[in-house]
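Scroll down for the structure; my scribbles are underneath it.
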Amino acid sequence: MSISKWLFAQWYDVLNSIVEPKVIPYRHLTAGKSHGKTLEVGGGTGANLPYFQKTSSLTIVEPDVHMRNKLSQRVNHLNKDISIVKSFGETLPFEDNSFDSVVTTLVLCMVHDVEKVILEIYRVLKPGGIFFFYEHTVAESFYGKLLQQLLDPIWIFATTGCHLKRDILGAIKVSPFTKLEYDTFNLNVGIPITIPNIVGSVAK
Ligand SMILES: C[S@@+](CC[C@H](N)C(=O)[O-])C[C@H]1O[C@@H](n2cnc3c(N)ncnc32)[C@H](O)[C@@H]1O
503 MSISKWLFAQ WYDVLNSIVE PKVIPYRHLT AGKSHGKTLE VGGGTGANLP
553 YFQKTSSLTI VEPDVHMRNK LSQRVNHLNK DISIVKSFGE TLPFEDNSFD
603 SVVTTLVLCM VHDVEKVILE IYRVLKPGGI FFFYEHTVAE SFYGKLLQQL
653 LDPIWIFATT GCHLKRDILG AIKVSPFTKL EYDTFNLNVG IPITIPNIVG
703 SVAK
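This is the structure in structure tokens:
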């Protein structure tokens, strides 16, 4: 698993460079809107770093050592006070009511337990704090779901754990968060497959 994780960390930025121009608006709507004391869960190689412009402090949780190495290199070049923490979203090593904003982008598809991560994000947010998310999610149409079902095993293998057909919106809706605002849309990545996406925020 470690070699595949290493490979995924190496090709992640290459894959990202293909879709990144389409994804930038959603980084602005999540990382770009975060403010005050901010936590990013699953920071990967640091694709959101340029968009955290309104934060007073930034902590990034990333469990994977290979992703974390790339993230550290990027953070070092920025010369900004950013903490990188080795941990999982399911067990965030922070006190209750610690952050003004929490951000996830393309992470809830990969975690072991989506509900647990959302509850942890709720716990570490201050009352009134905002959780900003941008994720790909389960398709609405029958054929979209079928395609996701067929592609899921190979995609999980190729990405070391990214699930195509998770109902992220459903998981957020049953959480204790309030003031749900979101937009769903299909991300067209230039091949004849569109990817159902969700971007939005909820408040504690
Ligand atoms: C697809 S990448 C997204 C990276 C980055 N957020 C972005 O937008 O490019 C998913 C990241 O989530 C991390 N991850 C996987 N499981 C996790 C978990 N249980 N808790 C926190 N992060 C996790 C992975 O290591 C990976 O870096």
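Numbered by this note's numbering, the letters in the sequence shown go through residues 503 to 706 in order.
In this text, a Cβ means the ideal position worked out from N, Cα and C, and glycines have one as well.
If you're wondering where the values come from, they're calculated on a predicted model, not measured in any experiment.
With a 10 Å radius around its C-beta and 16 neighbouring C-beta atoms as the bar for buried, classify residue i as buried or exposed.
{"i": "residue 667", "result": "buried"}
{"i": "residue 553", "result": "buried"}
{"i": "residue 565", "result": "buried"}
{"i": "residue 645", "result": "exposed"}
{"i": "residue 504", "result": "exposed"}
{"i": "residue 557", "result": "buried"}
{"i": "residue 523", "result": "exposed"}
{"i": "residue 627", "result": "buried"}
How many angstroms separate the CA atom of residue i from the CA atom of residue j?
{"i": "residue 519", "j": "residue 680", "result": "34 Å"}
{"i": "residue 671", "j": "residue 529", "result": "18 Å"}
{"i": "residue 506", "j": "residue 706", "result": "37 Å"}
{"i": "residue 648", "j": "residue 559", "result": "43 Å"}
{"i": "residue 689", "j": "residue 704", "result": "22 Å"}
{"i": "residue 570", "j": "residue 675", "result": "31 Å"}
{"i": "residue 611", "j": "residue 665", "result": "5 Å"}
{"i": "residue 643", "j": "residue 576", "result": "39 Å"}
{"i": "residue 702", "j": "residue 536", "result": "12 Å"}
{"i": "residue 655", "j": "residue 572", "result": "27 Å"}
{"i": "residue 651", "j": "residue 561", "result": "35 Å"}
{"i": "residue 596", "j": "residue 542", "result": "13 Å"}
{"i": "residue 678", "j": "residue 658", "result": "29 Å"}
{"i": "residue 673", "j": "residue 624", "result": "13 Å"}
{"i": "residue 660", "j": "residue 509", "result": "9 Å"}
Does the beta-carbon of residue i, which I'm using as the reference point, lie nearer than 7 Å to any heavy atom of ligand 1?
{"i": "residue 590", "result": "yes"}
{"i": "residue 698", "result": "no"}
{"i": "residue 608", "result": "yes"}
{"i": "residue 565", "result": "yes"}
{"i": "residue 613", "result": "yes"}
{"i": "residue 626", "result": "no"}
{"i": "residue 673", "result": "no"}
{"i": "residue 544", "result": "yes"}
{"i": "residue 518", "result": "yes"}
{"i": "residue 549", "result": "yes"}
When the Cβ atoms of the segment 570-583 are set against those of the segment 628-644, are three or more pairs found closer than 8 Å? no
Quick check: the segment 625-636 against the segment 604-612, are there 3 or more CB pairs under 8 Å? yes
Three or more C-beta pairs closer than 8 Å, one from the segment 613-623 and one from the segment 582-592: is that the case here? yes
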